[in-house]
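These notes are about the structure you will find just below.
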Amino acid sequence: MDRILAKQLYWGYYATRIYLPLSGLSRHWRRFLRHIKGKPDRFLQHTQLPEISWKDCTTRRSIKIWEHEKENGNVRISELGILSALAADCRDNTNLFEIGTFDGRTTLNLALNAPAQCTIYTLDLLPDRETVFSLAKGEEHMVDKPKSGSRYERHRVTYPAVVGKIHQLFGDSAAFDYTPYKNSCSLVFVDGSHSYDYVMSDTRAAMEMTSVGGVVIWHDYGVWEDVTRALDVLEQREGYGLRSISGTSLVYWKKPKELTGVLDHIPDTHR
Ligand SMILES: C[S@@+](CC[C@H](N)C(=O)[O-])C[C@H]1O[C@@H](n2cnc3c(N)ncnc32)[C@H](O)[C@@H]1O
Numbered sequence: 002m003d004r005i006l007a008k009q010l011y012w013g014y015y016a017t018r019i020y021l022p023l024s025g026l027s028r029h030w031r032r033f034l035r036h037i038k039g040k041p042d043r044f045l046q047h048t049q050l051p052e053i054s055w056k057d058c059t060t061r062r063s064i065k066i067w068e069h070e071k072e073n074g075n076v077r078i079s080e081l082g083i084l085s086a087l088a089a090d091c092r093d094n095t096n097l098f099e100i101g102t103f104d105g106r107t108t109l110n111l112a113l114n115a116p117a118q119c120t121i122y123t124l125d126l127l128p129d130r131e132t133v134f135s136l137a138k139g140e141e142h143m144v145d146k147p148k149s150g151s152r153y154e155r156h157r158v159t160y161p162a163v164v165g166k167i168h169q170l171f172g173d174s175a176a177f178d179y180t181p182y183k184n185s186c187s188l189v190f191v192d193g194s195h196s197y198d199y200v201m202s203d204t205r206a207a208m209e210m211t212s213v214g215g216v217v218i219w220h221d222y223g224v225w226e227d228v229t230r231a232l233d234v235l236e237q238r239e240g241y242g243l244r245s246i247s248g249t250s251l252v253y254w255k256k257p258k259e260l261t262g263v264l265d266h267i268p269d270t271h272r
């Protein structure tokens with residue numbers, strides 16, 4: 002086994018077998034201490050979705066992680082491990098779609114783990130553009146960056162087979178034309194703006210792009226208030242079967258056969 006592959010497998014193991022259980026424990030401990038002291042923790046919101054273990058979302062246990070260092074705006078390494086496992090589960094020759102590229106760390110790992118003929122589309126907002134809805138306060142630094150996808154770009158020359166699977170798209174997720182991707186995606190990752198209206202609109206797009214049996218993952222449930230509220234409201238109203246992945250801020254949904262028509266309940270703002 003070459004040295005780089007061994008390192009990638011090491012970080013995949015660390016993410017899901019060491020970091021994930023330990024961070025879950027520390028979260029419970031923090032909640033417990035706050036409860037004893039009678040002080041609410043503004044970083045730990047009340048969540049309503051039922052939980053599911055990551056092991057029930059994927060049978061993959063051998064996961065590769067590249068660019069393990071986390072920047073402010075990236076997913077946690079445990080979440081990256083789970084997303085990578087789900088990418089490895091994707092059917093070959095299908096699409097994966099990410100809403101919200103940022104520096105492209107997750108994009109790179111989706112491409113690394115997905116089967117060889119899959120295409121990874123990643124959509125990002127260019128800085129200083131008018132948006133359909135207001136962005137959430139505190140996410141400006143993720144939009145105002147010199148370049149989207151810098152972390153996959155740096156590997157383009159040395160790893161063309163992996164980076165060549167990635168197609169960068171630009172636009173506002175609430176105005177973007179998703180028609181070419183409808184029912185084509187084995188995995189959609191929703192991680193764009195954290196405002197309520199965007200989460201609603203991105204959710205509709207994600208569910209439409211996903212093929213039957215494909216999976217949608219949302220990030221920042223229980224972390225950004227509007228994300229939490231939007232997903233709780235949708236589940237309460239529609240009973241989609243959204244599940245919060247234990248020890249993470251990821252939400253999981255697998256598209257059933259009989260969804261047709263149900264999406265009419267999510268406002269269609271971009272047509
Ligand atoms: C939390 S970061 C994404 C992090 C990335 N998915 C990762 O795992 O490292 C949010 C990204 O969403 C993008 N974004 C925010 N609002 C958007 C919009 N309306 N349409 C498209 N992208 C948007 C931002 O530019 C930023 O790159």
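Just add 1 to wherever you are in the sequence shown, counting from 1, and you've got the numbering used here.
Each residue gets a CB set at the ideal place from its N, CA and C atoms; glycine is no exception.
Here the structure is a predicted model, which is why all the values come from computation and not from measurement.
Roughly how many angstroms lie between the CA atoms of residue i and residue j, to the nearest whole one?
i: LEU34; j: SER24; result: 15 Å
i: TRP12; j: ARG4; result: 13 Å
i: PHE103; j: LEU109; result: 11 Å
i: THR287; j: GLN118; result: As shown, the chain starts at 2 and ends at 272. That puts residue 287 outside it, with no answer to give.
i: ARG21; j: ARG244; result: In the sequence as displayed, the identity of residue 21 is Leu instead of Arg. Cα to Cα, the separation comes out at about 17 Å.
i: ALA7; j: THR180; result: 40 Å
i: GLY240; j: ARG205; result: 14 Å
i: ARG272; j: GLU236; result: The predicted model places ARG272 with a pLDDT of 40, which falls under 50 and marks its position as unreliable, so this point remains unresolved.
i: ASP178; j: ALA137; result: 22 Å
i: CYS58; j: ILE37; result: 33 Å
i: TYR160; j: GLU68; result: 13 Å
i: ILE78; j: TRP219; result: 15 Å
i: ALA16; j: THR60; result: 16 Å
i: ASP145; j: ASP129; result: 8 Å
i: LYS258; j: LYS40; result: 45 Å
i: ALA162; j: LEU188; result: 20 Å
i: ILE19; j: GLN9; result: 15 Å
i: GLY172; j: LEU124; result: 7 Å
i: ALA176; j: HIS29; result: 40 Å
i: ILE1; j: LEU113; result: Residue 1 is absent from the model: the chain starts at 2 and stops at 272.
i: ILE53; j: ALA231; result: 19 Å
i: LEU87; j: SER135; result: 31 Å
i: THR107; j: LEU170; result: 15 Å
Residues bridged to residue i by DSSP?
i: ASN75; result: ASN73
i: THR211; result: CYS186
i: ILE121; result: LEU97 and ILE167
i: TYR253; result: ILE218 and ARG244
i: ILE53; result: ILE246
i: VAL191; result: ILE100 and TRP219
Beta carbon of residue i: closer than 7 Å to some heavy atom of ligand 1?
i: LEU251; result: no
i: MET210; result: no
i: ASP173; result: yes
i: ARG106; result: yes
i: PHE103; result: yes
i: GLY150; result: no
i: GLU141; result: no
i: ASP192; result: yes
i: THR229; result: no
i: GLU99; result: yes
i: THR159; result: no
i: VAL224; result: no
i: LEU232; result: no
i: VAL144; result: yes
i: TYR199; result: yes
Quick one: does residue i have its CB under 8 Å from some CB of chain D?
i: SER174; result: Of the protein chains in the structure, only one exists, and it is not chain D.
Residue i and residue j look like a contact to me (Cβ under 8 Å); what is the Cβ gap, rounded to whole Å?
i: GLY215; j: CYS186; result: 6 Å
i: TYR222; j: SER247; result: About 12 Å; that fails the 8 Å criterion.
i: VAL252; j: ASP227; result: Actually they do not touch by this definition, with Cβ atoms about 14 Å apart.
i: MET210; j: TYR182; result: 5 Å
i: TYR122; j: HIS156; result: Between HIS156 and TYR122 the Cβ distance is about 18 Å, and since that is not below 8 Å, they are no contact.
i: VAL191; j: VAL217; result: 7 Å
i: ALA115; j: LYS56; result: That belief does not hold up - the Cβ atoms of ALA115 and LYS56 are roughly 20 Å apart, past 8 Å.
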